[in-house]
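Working notes for the structure below.
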Amino acid sequence: MSGEGRDVTAEAARGYLRIERLSKSYAGRRAVDALSLDVPRGEILALLGPSGSGKTTTLRLLAGFEPPDAGRVLVEGEDVTALAPAARRFGMVFQHYALFPHLDVGENVAFGLAVKGAAAARRVADVLAMVDLAGFERRRVSELSGGQQQRVALARSLAPEPRVLLLDEPLSNLDPALRERTRRELRDAIRRVGITTVFVTHEQEEAFDLGDRVAVIDAGRLEQVGTPDELYDRPASAFVATFVGRANDLPGRLLGGPEGSRAIVRPEAMRFAGVENGGLEGVVTARRFVGGHAYFTVRGAGGEDFEVFAPHRAVGVGERVRVAVERVLYWVEGGAG
Ligand code: ADP
Ligand code: MG
């Protein structure tokens, strides 16, 4: 339990779940590198990063499946770093939700419950209702859709009333058509329960749709944490600027920057301009429709390609154009090209 003489309330206020400088190396290579995050009570925090960036390792450290080399995990001010996984009272949902195929839905959900009998049946009914599967107790797992199975897995992890919910790419097994709907159902269920959640994904759309805030990690290190709008409009690093959303990487000198600098510019921050307006010169080489707009690929005078987002009839493929830049998202000083 919480130690004596510490102000537990003040610690909890900083973050219901606190991650303090967690580090883990494998064979001398840092998989998680001094990662710190505060997750307020009831928040859904999306942990977003490319494959191999340390997302799963972070969740395994939080769950207690492995000890960190350094750092601490605190829940409500209580240091749980040395506790066994079960004692932390965290719920987990993995990519492979691994339901027991020979058990029915009710038996699957009841699996981790300490209570038995009528109390267990009541709890199972309650959590099935939370994930919008009321009355599914006697159904066979094999009869359910992928999305329903995913929600059974969620119900199973919620049944013992965990303090924190950890999800590791829970939608990546589903085909794309099902993924968006299941994502919404998952989000609604988590919101209804109101549980503090860390959701891991390598897909930006998923992170932005589900996360109250998004923490971007690369090579085990936190690049930035913020709301989706903050990350999109005010990236704190070149990595975030290019990893989150679409972005052009232009030679800075084209926009009046110093030699060797780079300018990262969103396609929607560029527009086709009249000849008199100056700007970048180029030839349109391709057009990709998105609703009534399109991404136009432009080959610049220096051979660099960039994308401009504009109304679909703005210009034609093969046309010579000038492109004005309305806003540079991020300047990368010096460095190689
Ligand atoms: P992500 O989930 O973001 O794809 P992981 O956390 O699985 O990334 O892996 C981060 C890095 O740590 C990778 O380079 C991976 O190869 C390495 N790694 C993860 N687990 C182990 C392990 N048990 N043994 C050795 N290396 C590991
Ligand atoms: Mg992973």
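Here the sequence shown stands for residues 3 to 339, where the numbers follow the numbering used here.
In this text, a Cβ means the ideal position worked out from N, Cα and C, and glycines have one as well.
{"Item": "Sequence-distant residues of the same chain with beta carbon closer than 7 Å to Leu115, five excluded per side", "Value": "Ala122, Arg125, Ala161, Pro162"}
{"Item": "Ala33 Cβ short of 8 Å to ligand 1 heavy atom set", "Value": "yes"}
{"Item": "Sufficient close CB pairs (3 or more, under 8 Å) joining the segment 16-28 to the segment 73-93", "Value": "yes"}
{"Item": "DSSP-derived helix/strand/coil call for Ser144", "Value": "helix"}
{"Item": "Residues surrounding ligand 1 [beta-carbon distance to nearest heavy atom under 6 Å]", "Value": "Tyr28, Ala33, Gly51, Ser53, Gly54, Ser55, Gly56, Lys57, Thr58, Thr59"}
{"Item": "Ile197 versus Tyr297: straight-line alpha-carbon distance, rounded", "Value": "39 Å"}
{"Item": "Neighbour-count burial assignment, Leu331, 16 or more Cβ in a 10 Å radius", "Value": "buried"}
{"Item": "Cα-Cα separation between Gln206 and Leu49, rounded to whole angstroms", "Value": "10 Å"}
{"Item": "C-beta contact flag for Leu173 and Arg181 at 9 Å", "Value": "yes"}
{"Item": "Whole beta strand (DSSP E) elements within the segment 148-222, 3-residue minimum", "Value": "166-170, 198-203, 215-220"}
{"Item": "Nearest to Pro69 (by Cα), restricted to the options Arg185, Ala316, Ala86", "Value": "Ala86"}
{"Item": "Per-residue DSSP class, three states only, for Arg124", "Value": "helix"}
{"Item": "Start and end residues, alpha helix (DSSP H) containing Pro348", "Value": "Nothing can be reported for residue 348, as the shown portion of the chain is limited to 3 through 339."}
{"Item": "Reduced DSSP secondary structure (H/G/I, E/B, other) of Val242", "Value": "helix"}
{"Item": "Exposed unless 16 or more other CB atoms sit within 10 angstroms - verdict on Val319", "Value": "exposed"}
{"Item": "Check: Val202 C-beta below 8 Å from any heavy atom of ligand 2", "Value": "yes"}
{"Item": "Proximity to Ile219 [Cα-Cα], best of Gly17, Gly51, Ser38, Arg31", "Value": "Gly51"}
{"Item": "Exposure of Gly336, with buried meaning 16 or more beta-carbon neighbours within 10 Å", "Value": "exposed"}
{"Item": "Alpha-carbon to alpha-carbon, Leu168 and Val216", "Value": "14 Å"}
{"Item": "Own chain residues within Cβ distance below 7 Å of Arg322, not counting five before or after", "Value": "Val285"}
{"Item": "Distance cut-off 8 Å: Asp170 Cβ against heavy atoms of ligand 2", "Value": "yes"}
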